[in-house]
Structures are given as structure tokens and as C-alpha cells.
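Residue numbers (the numbering used here): -3 to 172. Structure record follows, encoded as C-alpha cells.
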């Protein structure tokens, strides 16, 4: 791609390089850079990961935490033309599963898709591809895996570009 198409979904497995790739794309645009963090820091290990990500990003980034109401925040942020990186949808899906019923979760995903269709700001979203592993051994984990797969499909359909990152190598899926 000669010019960055957005909205842009970046998919990959755990530690595939997807966040680093997404951050580099955002850094190719003029600051300020906005980082929407969906993680809830519930333990020391997650706090360490967050610190590592923040250190890697540097001072041009403004972090906004958003564990649940992502569409509402993206609508607010879209009033300014600065780039937005959402990292990551996978944790957002987890937050939704632990907080809402299935119908409300699907409505939240649909609302984000609506924002993607109308977004004026450069918008990049990171998500894990969770469907390549073994079938989970319990109903909640299977529900989560199925929901993440369904939601990633909807988000991908709403995005102008989709890239899969594997072993640090970005593979464009859309547009081809």
C-alpha cells in the first residue's frame, strides 16, 4: 500500500508483533498519537506489560483507558484529526464477556462497526486471532473464542484494510 488505508485492523497471535507493527504505522503519521488501552490492570504481570508498551511508545502518545464503552470514546476522539490506535480488541471482548449479556455485547460490536464506517480520524485496531488453537475445555472459554472470531469478522468487514502479522511479518489481507 502506498498510502495507509484506515480504518485498519491488525490481527495476529500472541507476541506476533502486531502491536509493534500498529505502533509503527501510527508513528508514520504526524503527532499527537492517541492510544486507546482496553486492558484492565489486575495483576503485577499485566502492570509490567503496560509499562513496557508505554516505554516503547514514547512521549508523543496520549493514553486513554477504555475497558467497555469503546464506540462512545471513538466518537468523541473522532472530533480531532489525530491518529488513534486501539490495543487491543481481544481484551475489550474479554471485558464485555465478563460485564454484559450476549445481546449487549453484539450491540457494542455493532456500534464500533458503525463508528468505523464514519470515522474521519486515522484509526487502527489490534486484535488477536484466537481461532487457530485447540478447542477450549469449558463453555465460557468456548463462548469467548467464538465471540472473538465473530467480532473480528465484523470489525474486518467494516475496515478498509486488514493485516495479519505472523512472526513479526505483516501480511496484507485487505485490500489485496
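No residue lacks a Cβ here, since even glycine has one placed at the ideal position from N, Cα and C.
Fully contained in the stretch 35 to 116 are the following beta strand (DSSP E) runs of length 3 or more, in chain order: 57 to 61, 80 to 83.
With fewer than 16 other beta carbons inside 10 angstroms of its own, residue 65 counts as exposed.
Per the DSSP secondary-structure output, residue 157 pairs in a beta bridge with 4. Bounds of the beta strand (DSSP E) holding residue 33 are 29 to 33.
Of the residues 35, 1, 53, 4, the one whose Cα lies closest to the Cα of residue 83 is 35.
Here residue 128 is exposed. Its C-beta has fewer than 16 other C-beta atoms within 10 Å. If you draw a straight line from the Cα of residue 168 to the Cα of residue 110, it is about 23 Å long. Under the three-state reduction of DSSP output, residue 22 falls in the helix class.
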